[in-house]
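Take a look at the structure below.
Take a look at the structure:
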């Protein structure tokens, strides 16, 4: 990488407030807020609204929409569209 061209790449804590979950990773994202991590070091922290710990797809609470059934129900109510 060219020096002075790319942003700084270092350890950052991403914290999901909804799930009370945090993980330490490396990123170019920065923050003025810091948190003391489990290893005793202080890292910048970025609060996120959703992560794999709270997203319905990853937690197994996702609902599958029955689109075919919805279309058929609509056609029964309002009739088929004339082309």
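In my numbering, the protein residues as written are 91 to 173.
Backbone N, C-alpha and C define an ideal beta-carbon position, used for all residues, glycine too.
- In the three-state scheme derived from DSSP, where H, G and I count as helix and E and B as strand, residue 100 is classed as strand.
- Counting every other CB atom within 10 Å of its CB across the protein chains shown gives residue 161 a total below 16, marking it as exposed.
- Annotated as proximal: residue 133 and residue 124, with beta-carbon spacing under 9 Å.
- Leaving aside the five residues that flank residue 127 on each side, the residues in its chain whose CB is nearer than 8 Å to its CB run, in chain order, 103, 114 and 133.
- Within the stretch 106–171, the runs of beta strand (DSSP E) that reach at least 3 residues and sit entirely inside it are, in chain order, 111–117, 124–126 and 132–138.
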